[in-house]
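Quick note: the sequence shown uses my numbering, first residue 56, plus one each step. Using N, Cα and C, we set each Cβ at its ideal position, and we do this for glycine too. Remember, predicted model here, so these are calculated numbers, not experimental data. I have placed the structure first, in the form of structure tokens, so that the comments after it can refer back to it.
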Amino acid sequence: MSLWVRKSSRLIPLDEGYRVWMLRIEDPVRPRWILPGGGLEDGESWQDAALRELWEECAIDDAEIGPMVATRTREAVHNGTPYLSDERYFLVRMQSQQPSTRNMFDYELADYTQQGWLSVEDIITSAEPVYPLGLAELIAALSTGNIPSEPVIWTE
Numbered sequence: 056m057s058l059w060v061r062k063s064s065r066l067i068p069l070d071e072g073y074r075v076w077m078l079r080i081e082d083p084v085r086p087r088w089i090l091p092g093g094g095l096e097d098g099e100s101w102q103d104a105a106l107r108e109l110w111e112e113c114a115i116d117d118a119e120i121g122p123m124v125a126t127r128t129r130e131a132v133h134n135g136t137p138y139l140s141d142e143r144y145f146l147v148r149m150q151s152q153q154p155s156t157r158n159m160f161d162y163e164l165a166d167y168t169q170q171g172w173l174s175v176e177d178i179i180t181s182a183e184p185v186y187p188l189g190l191a192e193l194i195a196a197l198s199t200g201n202i203p204s205e206p207v208i209w210t211e
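Right, dumping it as structure tokens:
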């Protein structure tokens with residue numbers, strides 16, 4: 056039996072100091088930090104979904120979606136249903152924009168109990184998991200001007 060595939064555009068919003076805007080999921084079993092983003096709607100391109108998610112989860116409508124810098128494919132389970140998550144990660148350079156939760160859906164506000172800018176050191180030293188694994192290394196490379204010519208492939 057093949058798994059249902061969920062395509063999602065994820066964002067790596069970086070400020071001028073190379074801190075990344077992340078969302079904390081409140082889960083009694085596994086609280087964790089994740090990047091903003093979500094599933095593609097019917098007929099939507101990866102880039103269009105990234106722009107929509109930037110508006111919905113960060114309330115930003117004047118940032119430019121940059122290159123796709125990473126991908127991840129993984130098996131996941133949501134509400135007891137297994138699926139294959141096909142994720143594309145897009146760089147978003149934030150200048151003076153300050154993300155906000157004002158456009159989030161109620162269920163997102165219930166799940167994402169905290170949001171904030173995390174530095175590479177914050178990611179590395181976090182007591183809670185920060186996903187995707189490998190994010191700190193990618194941001195460190197980006198901070199030196201090293202944008203990958205091909206997207207990094209994350210396996211987790």
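For residue i, count the other beta carbons within 10 Å of its own beta carbon; 16 or more makes it buried, fewer makes it exposed. Which is it?
i: S64; result: buried
i: R127; result: buried
i: I179; result: exposed
i: A191; result: buried
i: W59; result: exposed
i: R79; result: buried
i: A182; result: exposed
i: I115; result: buried
i: R85; result: exposed
i: E81; result: exposed
i: E211; result: exposed
Can residue i and residue j be called in contact, C-beta distance under 8 Å?
i: L66; j: L95; result: no
i: P122; j: P91; result: no
i: D207; j: L188; result: Rather than Asp, the amino acid found at residue 207 in this sequence is Val. No. Outside cutoff.
i: M149; j: A105; result: no
i: A125; j: W209; result: yes
i: R87; j: Y167; result: no
i: C113; j: P83; result: no
Give the DSSP bridge partners of residue i, in chain order.
i: E130; result: L139
i: G98; result: DSSP output for G98 lists no bridge partner at all.
i: M123; result: F145
i: G72; result: None; G72 has no bridge partner.
What is the residue span of the alpha helix (DSSP H) that residue i lies within?
i: R107; result: 101-113
i: I202; result: Counting along the chain, I202 falls outside any alpha helix (DSSP H), and DSSP gives it neither H nor E.
i: V175; result: 175-180
State the start and end residues of the unbroken beta strand (DSSP E) segment that holds residue i.
i: M77; result: 75-80
i: R85; result: That residue, R85, is in no beta strand (DSSP E); it is neither H nor E in DSSP.
i: A63; result: Residue identity check: residue 63 is Ser in the sequence provided, not Ala. Here the beta strand (DSSP E) through S63 covers 59-69.
Report all residues from its chain with a CB closer than 7 Å to the CB of residue i; omit the five preceding and five following residues, and keep chain order.
i: R74; result: W172, L173, S174
i: I89; result: M77, L78, I80, Y186
Looking only at its own chain, which residues have a Cβ that is under 6 Å from the Cβ of residue i, when we skip the five neighbours before and after it?
i: R129; result: S140
i: Q170; result: L78
i: A195; result: V175
i: R143; result: S64, W101, M123, T126
By Cβ distance below 8 Å, which residues in the same chain neighbour residue i in space, the five residues on each side in sequence not counted?
i: Y138; result: L58, W59, V60, R61, E130, A131, V132
i: Q102; result: S64, I120, F145
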